[in-house]
Amino acid sequence: MFSPFFIQPVFRGEGHFMIVSQFQTPNYFLLALLEDYKMDPAAAQPILTVSVFDDLAETKDVVLLRCDIINRGIEDDEGYKLCQNLINDYLEFEGVHMFNKKPDAFDFDEFVKEKEQKWNE
Numbered sequence: 036m037f038s039p040f041f042i043q044p045v046f047r048g049e050g051h052f053m054i055v056s057q058f059q060t061p062n063y064f065l066l067a068l069l070e071d072y073k074m075d076p077a078a079a080q081p082i083l084t085v086s087v088f089d090d091l092a093e094t095k096d097v098v099l100l101r102c103d104i105i106n107r108g109i110e111d112d113e114g115y116k117l118c119q120n121l122i123n124d125y126l127e128f129e130g131v132h133m134f135n136k137k138p139d140a141f142d143f144d145e146f147v148k149e150k151e152q153k154w155n156e
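Residue numbers for the sequence shown follow the working numbering, beginning at 36 and rising by one.
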């Protein structure tokens, strides 16, 4: 099932802000500030991109990723954590599926709480 959107919190200090990710075929994720996306999805500028190179997936069981920070508003370590969390969420897929297909069942507060614990590990 196709589930193109998901969210990721970025934790700074005592708070956090939200990033929205959008999968675009063939193998790209664009990540933008959720607030920018809510104002105008077509004008929201990516702050980070993730390119998925799956050429070796079938023969070598290896997928390569490239994460590029486009906007300096994201620190390198935050970009790394965003990329890692995004890929882990798509590998597990349950939360991504629920967010896209059953949004009323997606527990946003619990999701942010779990992400904060992982972020600080």
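Positions of the beta carbon are idealized from the N, C-alpha and C atoms, including for glycine.
In DSSP terms, what residue i is bridged to
{"i": "Phe40", "result": "Gln57"}
{"i": "Ile105", "result": "Paired residue(s): none; Ile105 is not in a bridge."}
{"i": "Val45", "result": "Phe52"}
{"i": "Phe64", "result": "Phe58 and Val85"}
Buried or exposed by the 16-neighbour rule on C-beta atoms within 10 Å, applied to residue i
{"i": "Pro61", "result": "exposed"}
{"i": "Ser56", "result": "buried"}
{"i": "Gly48", "result": "exposed"}
{"i": "Pro44", "result": "buried"}
Extent of the continuous alpha helix (DSSP H) to which residue i belongs
{"i": "Leu69", "result": "Leu69 to Met74"}
{"i": "Leu126", "result": "Asp111 to Glu127"}
{"i": "Ala214", "result": "The first residue shown for the chain is 36 and the last is 156, placing residue 214 beyond what the model contains."}
Extent of the continuous beta strand (DSSP E) to which residue i belongs
{"i": "Phe143", "result": "First-last for Phe143: Phe143 to Trp154, but that is the alpha helix (DSSP H), not the beta strand (DSSP E)."}
{"i": "Val85", "result": "Leu83 to Phe88"}
Spatial neighbours of residue i in its chain, beta-carbon cut-off 6 Å, leaving aside the 5 residues before and after
{"i": "Met36", "result": "Because the pLDDT at Met36 is just 49, under 50, the model does not fix this residue reliably, and the point stays unresolved."}
{"i": "Phe141", "result": "Met133 and Phe134"}
Rounded Cβ spacing between residue i and residue j (contact assumed at less than 8 Å)
{"i": "Leu66", "j": "Leu117", "result": "6 Å"}
{"i": "Ile42", "j": "Leu69", "result": "6 Å"}
Cβ-based neighbour list, residue i, same chain, cut-off 7 Å, excluding 5 preceding and 5 following
{"i": "Asp89", "result": "Asn62 and Val98"}
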